[in-house]
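> So the protein sequences, as listed, match chains A and U. Taken in order, the first sequence gives residues 905 to 1217; the numbers are from my numbering. Taken in order, the second sequence gives residues 1050 to 1303; the numbers are from my numbering. Glycine included, each C-beta is placed from N, C-alpha and C at the ideal position. My structure is below; once you've seen it, I'll send some questions.
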Amino acid sequence: MSSDLDAGGTGSPSGAGDRRREPIAAVPVRRWGQWVSAAVVVLLVAALGYSVAINDNLQWSAVGDNLTEPTVLRGLWVTVQLTVLAMVAGIVLGVVVAVMRLSANPVLSTVSWFYIWLFRGTPVLVQLLLWFNLALFFPTLGAGPLSVDTNDLIKPFVAALLALALNEAAYMAEVVRAGILAVDEGQTEAAHALGMSQGQTMRRIVLPQAMRVIIPPTGNETITMLKTTSLVLVVGAGDLLTRTSAIAAREFTTIEMLLVASVWYLVLTSVASYGQYHLERRFARGTSAGAQASVGRRILANLRPGRVEGGVR
Amino acid sequence: MTGAMVRSEDVHKSFGHVHVLKGIDLEVAPRDVFCLVGPSGSGKSTFLRCINHLEKVDAGRLYVDGRLVGYREVGDKLYELREKEVAAHRRDIGMVFQRFNLFGHMTALENVMEAPVRVRREPKAVVRDRAEKLLDRVGLAAKSGSYPAQLSGGQQQRVAIARALAMEPKLMLFDEPTSALDPELVGEVLDVMRDLAASGMTMIVVTHEMGFAREVGDALVFMDDGIVVEAGHPRDVLSNPQHARTRSFLSKVL
């Protein structure tokens, strides 16, 4: 279009306004190495699959029969409940801890720092066992007429939920803090200049805009939580792994029941990944990330040999 | 305290070891357009931000409409104001930023409505009516449903002016309102400001637009290195500067 300006320019592609170029039909670079390595991988996977499939020590019927066994499904439901409740509580508490951490009030920020230090610095399995054994050092909770027997209140499910939620809150606090810090300082200044209070500014202006940064890692946290719930096996909270392990011990089908659990965990994490993808797209509206191809297309794009673009994130 | 809208008495401000304001004395009369000019780093933006207490004054006194900014004076003691009291003061002072700072997750209309609804607790219907009129006044009635990212810089700044006006302020602060704009968009923002000045709004404008200052300004202060070097009517200061620093600055920007 600017052919007058760069007249005599060397090799400028814009100089050819009148001539139609033919589309390039070049022979692509042959990637023999990729085909060879793909063949090797397929062979190895097939060999492994075959040896598992014909293994006499594995009763495939036990896997199929137990997949939809009522006890297993009840465990699955407990796992979903634990994940959802622990995440909801973890997110709410995490927001509170993050806002406290960023507060100008030194008491609040120190308490918050200590909370994160404590709950992120100890293994969640240890925390789980501590909550479960709370009765050993606090036999009763409350005071006077309002006191209750600890073991009546802290049932395995409650212990599991407390441990997972309080631990998650520490991680979510860091996620939320990063999101808040990613919002431009000018937004806070504009809100203050309009006479909005600190609380209003946080609720109405900063947090909604921090969401775009907070959502993707929260999705990852949820998927991690789905798998972390399996730890509650040690307190017998009745989740998926607790139930499959119980069946395995009764019927001597250890590997079979682990496979059953694995299948369900894969289903859960796949569903969660799908939800995360759509949530991210919703919150990325108006930005370039909002215009990505669908999951299926991206997976296909990655499966095709020799293609690099459209890779996952 | 006379009838001055803003009155500054020996105002000082430091950031760490950097002494940014070294004793600012000035008065802004009601209904005046008061222009602050000077090289970058001269402290003019900092002074503007002291007026609505976005920055804390270290020494001296700053009054807006007769009220001390940021503190309560009892006898010869100063008490820091609580957050709510500071917020209450700010309600009457509109501010327009260099980088617009529109709320990115809200439409133009929602940006304008936010503070009256949340801060003044006015009924939504009343505020919507006023917000639509304000957007019409800045020439953006058709853009009320657009998000900031969908608007040009000039349009964003005009929404920002409407947003500040929605609180019905008695004083408007402009912090280099056209510095972040493409040259061809400067005019539309200055037009809105000109219209606002004609309506009798008291305005303090930090600007590099000497043409605007000369045409619309009622008073002009040239600041350099944290002090007021020269003050007077814009026509006088701009065409007949008395100080060498003013002359040297103007020769670079005019």
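Taking the DSSP output, what are the residues bridged to U:SER1057?
U:LEU1075 and U:LEU1111
> Look up U:HIS1068 in the DSSP assignment and give the residues it is bridged to.
U:SER1063
> Within the continuous alpha helix (DSSP H) that includes U:LYS1182, where are the two ends?
Residues 1173-1186.
> Could you give the distance in angstroms between the alpha-carbon of U:ASP1185 and the alpha-carbon of U:LEU1287?
Pairing U:ASP1185 with U:LEU1287, the inter-Cα distance amounts to about 34 Å.
> Along the chain, where does the beta strand (DSSP E) containing U:PHE1271 start, and where does it finish?
1268-1273
> Spatial neighbours of A:TRP1021 within its chain, please: CB distance less than 7 Å, with the 5 preceding and 5 following residues excluded, ordered by chain position.
none
> For A:GLY1190, would you say it is in contact with chain U, using Cβ-to-Cβ distances shorter than 8 Å as the test?
Note on A:GLY1190: pLDDT 47, under 50, position unreliable in the model; the coordinate value appears next. With 8 Å as the cut-off, A:GLY1190 counts as an interface residue toward chain U.
> Compare the C-beta of U:GLU1217 with all C-beta atoms of chain A and state if any pair is closer than 8 Å.
no
> So, at 6 Å on beta carbons, what are the nonlocal neighbours of A:ALA1039 in its own chain, with the 5 sequence-adjacent residues on each side left out?
Around A:ALA1039, the same chain offers THR1054 and ASN1055 as residues with beta carbons nearer than 6 Å, after the five sequence neighbours per side are excluded.
> Starting from the beta carbon of A:GLN1113, find every residue of chain U whose beta carbon is closer than 7 Å, and list them in chain order.
GLY1153 and HIS1154
> Bridge partners of U:LYS1126, per DSSP?
U:VAL1123
> Can you list the residues of chain U that A:LEU1172 reaches, using a CB-CB cut of under 9 Å?
Result: empty, since nearest Cβ-Cβ is about 31 Å, beyond 9 Å.
> Around the C-beta of A:HIS1096, are 16 or more other C-beta atoms found within 10 angstroms, so that it is buried, or is it exposed?
buried
> In terms of DSSP beta bridges, what is A:THR1044 paired with?
Per DSSP, A:ASP1053.
> Could you have a look at A:PHE1187 and say whether DSSP puts it in helix, strand or coil?
Correct three-state label for A:PHE1187: helix.
> Got a sec: is the Cβ-Cβ distance from A:MET1106 to anything in chain U below 8 Å?
no
> In chain order, what residues of the same chain have a beta carbon less than 7 Å from the beta carbon of U:GLY1281, not counting five sequence neighbours either side?
LEU1269
> Could you compute how far the alpha carbon of U:PHE1271 sits from the alpha carbon of U:VAL1278?
6 Å
> Kindly indicate which three-state DSSP category U:ILE1210 falls into: helix, strand or coil?
U:ILE1210 falls in the helix class under three-state DSSP.
> Between A:LEU1033 and A:GLN1180, what straight-line distance do the alpha-carbon atoms span, to the nearest angstrom?
31 Å
> What number of angstroms, rounded off, separates the C-alpha of U:ALA1053 from the C-alpha of U:LYS1105?
21 Å
> Helix, strand or coil: how does DSSP classify U:ARG1116 here?
strand
> Just curious, the alpha helix (DSSP H) that U:MET1242 is in, first and last residue?
1232-1247
> Per DSSP, U:CYS1099 is paired with what?
In the DSSP output, where bridge partners are listed per residue, U:CYS1099 has none listed.
> Note down, one range per segment and in chain order, each alpha helix (DSSP H) of at least 4 residues found wholly within the region 1042-1124 of chain A.
1054-1057, 1060-1086 and 1089-1097
> DSSP state of A:VAL1139, grouped into three classes?
helix
> Let me confirm a value: A:GLN1104 is counted as buried when at least 16 other C-beta atoms fall within 10 Å, else exposed. Which label applies?
buried
> So what does DSSP say about U:PHE1152, is it helix, strand or coil?
coil
> Just to confirm the assignment, what range does the beta strand (DSSP E) spanning U:MET1144 have?
Residue range 1142-1145 is occupied by the beta strand (DSSP E) that includes U:MET1144.
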